[in-house]
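In the working numbering, the protein residues as written are 781 to 1014.
Ideal Cβ positions, reconstructed from N, Cα and C, are used throughout, including at glycine.
Note that this is a predicted model, so its numbers are computed, not measured.
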């Protein structure tokens, strides 16, 4: 029971802290988006709307949070006598909560925008004007993926230092490229040809399964990397 209470408390505490940081990010993204809409006359950008736009900064934000999560949070909780396992599960739950919550805010802003701004026609891997609910879940799951990959980078540097940490970065780029290839996002071409699935279009269900399996694999790697790491108490 104590372990469950620890996990829940860690998840809520970390979620709240990330929400506070996100309160700075979301308004800035919204302001930048509206400035760009005013100055950029490219029709495709104007038609895409806020939801695809906020997805980009959100995943970078969560990637950075993942990178700093080890040095920033693991040390703190171990100092408080919290087991690594409880920290791990609490951090994982927090990542899911925050990722889905930030994208939910973006989703509602986009709905309001669509109601009052004409000409919003989102075009993605799913086609033109896809289901917004489906798009919300796709973006949210991918944001979780970016966090856990950032977490992997942070774990690699924390345990092994710079040299092996650089190898963790290379692995992280590979994983993100595969995830983006599932959904035809920005990094889809990076390793697509090397991995022999460049130009292949995956069914939505297969893309979901592949993405979730990769996230679970990275979480396992994070757990293994941090399981017996010497915590830096200073």
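Residue of the options minimising C-alpha distance to residue i
i: residue 872; options: 950, 846, 1005; result: 846
i: residue 926; options: 989, 862, 810, 838; result: 838
i: residue 1043; options: 851, 896, 917; result: Because the chain spans 781 through 1014 in this model, residue 1043 falls outside it and cannot be assessed.
i: residue 802; options: 929, 842, 919; result: 842
i: residue 988; options: 892, 929, 963; result: 963
i: residue 786; options: 816, 831, 892, 864; result: 864
i: residue 850; options: 800, 868, 882; result: 868
i: residue 985; options: 915, 943, 942; result: 915
i: residue 793; options: 853, 805, 990, 895; result: 853
i: residue 921; options: 810, 944, 990; result: 990
i: residue 866; options: 945, 813, 1000, 788; result: 788
i: residue 983; options: 999, 860, 961; result: 961
Classification of residue i by the beta-carbon crowding that lies within 10 angstroms, buried from 16 upward
i: residue 968; result: Residue confidence for residue 968 is low, a pLDDT of 48 falling below 50, so the modelled location carries little weight; the figure read from the coordinates is stated next. Per the 10 Å Cβ criterion, buried.
i: residue 997; result: exposed
i: residue 957; result: buried
i: residue 959; result: buried
i: residue 950; result: exposed
i: residue 891; result: exposed
i: residue 798; result: buried
i: residue 955; result: buried
i: residue 815; result: exposed
i: residue 808; result: exposed
i: residue 1015; result: Nothing can be reported for residue 1015: it is not among the residues displayed for the chain, which extend from 781 to 1014.
i: residue 882; result: buried
i: residue 1007; result: exposed
i: residue 941; result: exposed
i: residue 833; result: buried
i: residue 943; result: exposed
i: residue 874; result: buried
i: residue 937; result: buried
i: residue 887; result: buried
CB contact flag (residue i, residue j, <7 Å)
i: residue 933; j: residue 947; result: no
i: residue 870; j: residue 790; result: yes
i: residue 1005; j: residue 935; result: yes
i: residue 912; j: residue 1002; result: no
i: residue 923; j: residue 879; result: yes
i: residue 877; j: residue 783; result: no
i: residue 1009; j: residue 939; result: yes
i: residue 830; j: residue 893; result: yes
i: residue 862; j: residue 928; result: no
i: residue 919; j: residue 835; result: yes
Alpha helix (DSSP H) segment containing residue i, residue limits
i: residue 957; result: 942-963
i: residue 836; result: 830-849
i: residue 856; result: 855-859
i: residue 865; result: 864-896
i: residue 989; result: 984-1007
Contact with chain B by residue i, beta-carbon distance below 7 Å
i: residue 942; result: Among the protein chains of the structure shown there is no chain B, as only one such chain exists.
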